[in-house]
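From first to last, the protein sequence lines stand for chains A and B. Mapping of the first sequence onto numbering that gives the first Met the number 0: position 47 corresponds to residue 46, and the numbering continues sequentially without gaps. Mapping of the second sequence onto numbering that gives the first Met the number 0: position 61 corresponds to residue 60, and the numbering continues sequentially without gaps. Glycine residues also receive a C-beta, built at the ideal position from the N, C-alpha and C atoms. Let me begin by presenting the structure, written as C-alpha cells, before commenting on it.
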Amino acid sequence: MGTDLHWLSIAEAAPLIERRELSPVDLVDACLERVEALDGRLNAFITLLADEARAAARGAADEIANGAYRGPLHGIPVGIKDIFAVAGAPMTAGSLIFRDVVSEEDSAVTGRLREAGAVILGTLNLHEIALGATGVNPHTGSARNPWNTGRITGGSSSGAAAAVAAGLCFAAMGTDTGCSVRIPAALCGVAGIKPTFGRVSRRGLLPLSWSLDHAGPLTRTTEDAAIVLQAIAGHDAGDPASSRIDVPDYSAALGDGVRGLRVGVPDRYFGDGLDTDVEAAFREAVRQIESLGAELIEFSPPHTDEMPGAIAAIMLPEAFAFHQKAMRERPDDIGEDVRYRLELGAAYPAVEYIQALRFREMVVEVWRKDVFGEIDLVATATSMIAARPIEVSDLSTTFSLIHNANPFNLLGTPAISVPCGFTGDGLPIGLQLVGRWFDEATVLRGAQAYETATDWHSRRPPL
Amino acid sequence: MNQPITREDARSSLIRAGLSASDERLDLLAPGLQIARAAAAALAALDMGYRGPAPFRPPPPADAQRTHGN
Numbered sequence: 000m001g002t003d004l005h006w007l008s009i010a011e012a013a014p015l016i017e018r019r020e021l022s023p024v025d026l027v028d029a030c031l032e033r034v035e036a037l038d039g040r041l042n043a044f045i046t047l048l049a050d051e052a053r054a055a056a057r058g059a060a061d062e063i064a065n066g067a068y069r070g071p072l073h074g075i076p077v078g079i080k081d082i083f084a085v086a087g088a089p090m091t092a093g094s095l096i097f098r099d100v101v102s103e104e105d106s107a108v109t110g111r112l113r114e115a116g117a118v119i120l121g122t123l124n125l126h127e128i129a130l131g132a133t134g135v136n137p138h139t140g141s142a143r144n145p146w147n148t149g150r151i152t153g154g155s156s157s158g159a160a161a162a163v164a165a166g167l168c169f170a171a172m173g174t175d176t177g178c179s180v181r182i183p184a185a186l187c188g189v190a191g192i193k194p195t196f197g198r199v200s201r202r203g204l205l206p207l208s209w210s211l212d213h214a215g216p217l218t219r220t221t222e223d224a225a226i227v228l229q230a231i232a233g234h235d236a237g238d239p240a241s242s243r244i245d246v247p248d249y250s251a252a253l254g255d256g257v258r259g260l261r262v263g264v265p266d267r268y269f270g271d272g273l274d275t276d277v278e279a280a281f282r283e284a285v286r287q288i289e290s291l292g293a294e295l296i297e298f299s300p301p302h303t304d305e306m307p308g309a310i311a312a313i314m315l316p317e318a319f320a321f322h323q324k325a326m327r328e329r330p331d332d333i334g335e336d337v338r339y340r341l342e343l344g345a346a347y348p349a350v351e352y353i354q355a356l357r358f359r360e361m362v363v364e365v366w367r368k369d370v371f372g373e374i375d376l377v378a379t380a381t382s383m384i385a386a387r388p389i390e391v392s393d394l395s396t397t398f399s400l401i402h403n404a405n406p407f408n409l410l411g412t413p414a415i416s417v418p419c420g421f422t423g424d425g426l427p428i429g430l431q432l433v434g435r436w437f438d439e440a441t442v443l444r445g446a447q448a449y450e451t452a453t454d455w456h457s458r459r460p461p462l
Numbered sequence: 000m001n002q003p004i005t006r007e008d009a010r011s012s013l014i015r016a017g018l019s020a021s022d023e024r025l026d027l028l029a030p031g032l033q034i035a036r037a038a039a040a041a042l043a044a045l046d047m048g049y050r051g052p053a054p055f056r057p058p059p060p061a062d063a064q065r066t067h068g069n
C-alpha cells in the first residue's frame, strides 16, 4: 500500500480490508504514526489508547481472516470525544472536576462502534464539559486547527475535528448541544452531522443539557458520515429520549442527487452578518446546488429571533443542574468562561425555563407546518465566521460561531456541515443542510450531491 | 422585566442556587442576566396557547417491564 493510508476514506478502505488487501493493523499503525508526528502541534487527543488499538486491530484482522467481516467499519480507526464513556479509559470531559474518572463500561455509542468492528484509538480534546463553541480549554490546552495552528478548531468537539481533518483517525464521535459537531467540522474542513434528537443514544455520555444533547460523527466525506451514523443510530432503552422509529439504509439514497428537491434559503436571521468570504462561499454553494437541479425557495424562517434566548434558558439551567455540586464545592477548578455560563444557568428562574420548553413545543409545530411542509432541505452557512485566532476568541466569537447552528438543536432536526470553500487566508468554510425530523437520508443525499460536484472536501491541510 | 439587573440582583440569584461570587464576578454576570431576562420576556409575551412542555412519560407497567427487560 502507499504511504498515505491515513487519507483514505472509510468507503475506500473498507473494501480493501474486506478483500484482505489492507490490514487493520497497518491502518492503525498509520494513524498512530500520524498522531506521534502531529499531535504535539494539534493537541487533539487527551488519552491515546495505542496498545488497546493495536490489539483490537489484530483481533479485527484475525476475524476477517476467518471470514467474519462485520461491515464497513471493521478495522477502521476512530476517535471518541472525551465525554463518551470508553470502558477502562479516563473520561475527563476536558475538566479538572472529572480528571480522575475512569469509565467502567462503554457508552452506547462506543459499544455500537465496537460491535461494528471499529478500533478505538483514544479520547479526544474538547471545550471544557462541552460548554463552549471555541474549543479553547484552560485545562487540557486548546486543540489547534490543522489549517492554521494559531486558529481555533471550533468546539466543543475540537479534538474530533482536528483529528479527522489532519488524518489522525478516519472518523470521530462528537456531541452537539448548540453547534458542537457542526461548527468544528466547518472550521476544520470536514463533514459533521447532528442527527435528529433521539436518533442516537446518549447513554454513557456526560450530559450537558438533556433536552438538547445530540451525538453525531465527524468524517472526511458525507459517505463516511452515513456509514458511521448507520452503526450508531437506533433505539436504546438506556436513553429516555431514544426514538423507536426504524433506521433506514443511509447509504441507499446517496448518489440520487438533488434534482427535484426543494431547498430553502432563509433570509435575515441566517444571512445577515456573515463574514464576506463566508457569504460569498455560501452563495456560490447555493448556486451550485441549484445548478444540480434543486429548486431554490427563499423564505423567512419563523421565530428565529426568540430561539437563542430559548436555547440559553434550557441549556444553561440544565447544565448547572448537573454541575451544581462542582460549582458549589470546586468553583475555582472550573474555567472562567464555563463558570460564567454555569453561573448564568444558576440564575434562571424556573418559569423562564418552562416558558422556553413551551416555546420549543410551539416552534417545532410551526416549522413542521410552515417550513418543512414546503421545503425538503434548508441551506445556511454553518458559521458566520471562519476560525479566529486562539488568543482573541471570546464571547463575541462564540455568538458568531453558534448563531446559525443552534436553532436546529432547539428544533431537534438533522443537520450536516460540509466544506464549501475557503477564506482568502486559507481557512475552511462550512455549508449547513438541515432536513425534516428523522430524514437524515435526505440530508446526507443533499450533502453528498454537493460534495460530488465540488472538491473542497478533498483538500488537505498544510501540515 | 426591563429594570436593570444590579450586582445585588445577581448576588441574590446565585445565593438561591447555593453559590457566592466576588463583586467583580457579579458585575460581569449582571449584563448577561439582563440579556437573559429580555429574551425570557420575549418568550413570555408570545401567545403559546394551552401548550405545555413535553409530557411526563410514566414507565411501562410491571408486566411489560418483565417482558421487555427494561
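Starting from the beta carbon of A:Q354, find every residue of chain B whose beta carbon is closer than 9 Å, and list them in chain order.
Looking up residue 354 of chain A in the first sequence gives position 355. Neighbours of A:Q354 on chain B, chain order: A39, L42, A43, L45 and M47.
Going by Cα to Cα distance, which pick from A:G445, A:P413 and A:S392 is closest to A:R150?
Counting from one through the first sequence, the residue named residue 150 of chain A turns up at place 151. It is A:S392.
Return the chain-ordered list of same chain residues with a C-beta closer than 7 Å to the C-beta of A:H464, the five sequence neighbours on each side being excluded.
Nothing about residue 464 of chain A can be read from this structure; chain A reaches only from 0 to 462.
Take the Cβ of A:L112 as the centre, count every other Cβ of all protein chains shown within 10 Å, and call the residue buried at 16 or more, exposed below.
Taking the first residue of the first sequence as 1, we reach residue 112 of chain A at position 113. With 16 or more other Cβ atoms within 10 Å, it is buried.
What residue range is occupied by the uninterrupted beta strand (DSSP E) comprising A:V264?
In the first sequence, counting from the first residue as 1, residue 264 of chain A sits at position 265. R261 to P265 is the extent of the beta strand (DSSP E) around A:V264.
CB contact below 8 Å: A:M314 versus chain B:
Residue 314 of chain A sits at position 315 when you count from the first residue of the first sequence. So no, A:M314 is outside the interface.
For A:V362, which residues of its own chain have a beta-carbon under 8 Å away from its beta-carbon, when the five flanking residues on both sides are left out?
The residue given as residue 362 of chain A occupies position 363 in the first sequence. The residues are P301, H302, E305, M306, A309, L409 and L410.
Please classify A:K324 as buried or exposed, where buried requires at least 16 neighbouring CB atoms within 10 angstroms.
As a working note, residue 324 of chain A is residue 325 in the first sequence. The residue in question, A:K324, is exposed, as its Cβ has fewer than 16 Cβ neighbours within 10 Å.
Residue range of the alpha helix (DSSP H) that A:I288 falls in?
By 1-based counting over the first sequence, the position of residue 288 of chain A is 289. That run of the alpha helix (DSSP H) goes T275 to S290.
Around the Cβ of A:E373, are there at least 16 other Cβ atoms within 10 angstroms (buried) or fewer (exposed)?
The residue you call residue 373 of chain A lines up with position 374 of the first sequence. By the neighbour-count rule (16 or more Cβ atoms within 10 Å), A:E373 is not buried but exposed.
At which residue ranges does the region 321 to 379 of chain A contain complete alpha helix (DSSP H) runs of 4 or more residues, listed in the order of the chain?
335 to 345 and 349 to 365
Can you list the residues of chain B that A:F358 reaches, using a CB-CB cut of under 8 Å?
Start at 1 with the first residue of the first sequence, and residue 358 of chain A comes out as number 359. Under the 8 Å cutoff, chain B gives L42, L45 and M47.
Where A:A162 and A:S155 are concerned, what is the direct C-alpha to C-alpha distance, given to the nearest angstrom?
Along the first sequence, read from residue 1 onward, the residue named residue 162 of chain A stands at position 163. Along the first sequence, read from residue 1 onward, the residue named residue 155 of chain A stands at position 156. Going by the C-alpha atoms only, they are around 14 Å apart.
Indicate whether A:A414 and A:Q431 have their beta-carbon atoms separated by less than 8 Å.
In the first sequence, counting from the first residue as 1, residue 414 of chain A sits at position 415. In the first sequence, counting from the first residue as 1, residue 431 of chain A sits at position 432. In contact: A:A414 and A:Q431 (Cβ atoms closer than 8 Å).
In angstroms, rounded to a whole number, what distance separates the CA positions of A:G539 and A:A378?
No answer is possible for residue 539 of chain A: the residues shown for chain A start at 0 and end at 462.
Can you tell which of A:I384, A:P89 and A:P348 has the C-alpha that lies nearest to the C-alpha of B:S11?
Here residue 11 of chain B refers to the residue found at position 12 of the second sequence. Looking at the Cα atoms, A:P348 is the closest of the given residues.
Using DSSP bridges, identify the partner residues of A:R175.
Along the first sequence, one-based indexing puts residue 175 of chain A at 176. Per the sequence shown, residue 175 of chain A should be read as Asp rather than Arg. In the DSSP output, where bridge partners are listed per residue, A:D175 has A:H213.
Compute the Euclidean distance between the alpha carbons of B:D22 and A:D331, then round it to the nearest angstrom.
For the purposes of this step, residue 22 of chain B is identified with residue 23 of the second sequence, where counting begins at 1. For the purposes of this step, residue 331 of chain A is identified with residue 332 of the first sequence, where counting begins at 1. In a straight line, the C-alpha of B:D22 is about 16 Å away from that of A:D331.
So the beta strand (DSSP E) A:V442 belongs to, where does it begin and stop?
Against the first sequence, residue 442 of chain A aligns to sequence position 443. First-last for A:V442: E439 to A452, but that is the alpha helix (DSSP H), not the beta strand (DSSP E).
For A:F298, does the three-state DSSP call read helix, strand or coil?
Counting from 1 along the first sequence, the entry for residue 298 of chain A is found at position 299. Residue state, collapsed to three classes: strand.
Cβ of B:P60 less than 8 Å from any chain A Cβ?
Position 61 of the second sequence, counted from the start, is the residue given in the question as residue 60 of chain B. Chain A, which has no Cβ nearer than 8 Å to the Cβ of B:P60, makes this no.
Proximity below 8 Å, CB of A:P183 to CB of A:S208
As a first step, residue 183 of chain A must be located in the first sequence, where it is residue number 184. As a first step, residue 208 of chain A must be located in the first sequence, where it is residue number 209. No; because the gap between Cβ atoms is not below 8 Å, this pair is not in contact.
To which residues of the same chain is A:F407 closer than 6 Å at the C-beta, ignoring the five residues directly before and after it?
Here residue 407 of chain A refers to the residue found at position 408 of the first sequence. Taken in chain order, the residues that qualify are A414 and V433.
Report the partner residues of A:L123 according to the DSSP bridge assignment.
Translated into positions along the first sequence, residue 123 of chain A becomes position 124. The partner list for A:L123 (beta bridge, DSSP) reads A:F44 and A:K80.
Mind checking whether A:V277 and A:I384 have CB atoms under 8 Å apart?
Taking the first sequence and counting its residues from 1, the one referred to as residue 277 of chain A is at position 278. Taking the first sequence and counting its residues from 1, the one referred to as residue 384 of chain A is at position 385. Yes; because the gap between Cβ atoms is below 8 Å, this pair is in contact.
Of all the options A:I428, A:A440 and A:A52, which has the alpha carbon lying nearest to the alpha carbon of A:I75?
If you number the first sequence from 1, residue 75 of chain A lands on position 76. Ranking A:I428, A:A440 and A:A52 by Cα distance to A:I75 puts A:A52 first.
Three-state secondary structure (DSSP) of A:F421:
In the first sequence, counting from the first residue as 1, residue 421 of chain A sits at position 422. Here A:F421 sits in strand by DSSP.
Short of 8 Å Cβ to Cβ, which residues in the region 0 to 12 of chain B face chain A?
A9 and S12
Which residue or residues does DSSP assign as beta-bridge partners of A:I428?
Working through the first sequence from its first residue, we reach residue 428 of chain A at position 429. A:I428 is bridged to A:G420.
Quick one: does B:A52 have its CB under 8 Å from some CB of chain A?
On the second sequence, position 53 is the one that residue 52 of chain B refers to. First, the residue type needs correcting, since residue 52 of chain B is Pro and not Ala in the sequence shown. True, the Cβ-Cβ gap to chain A drops below 8 Å.
Leaving out five residues on either side along the sequence, give the residues of the same chain with a beta carbon under 6 Å from the beta carbon of A:A49.
The sequence position of residue 49 of chain A within the first sequence is 50, counting from 1. Here the set comprises L31.
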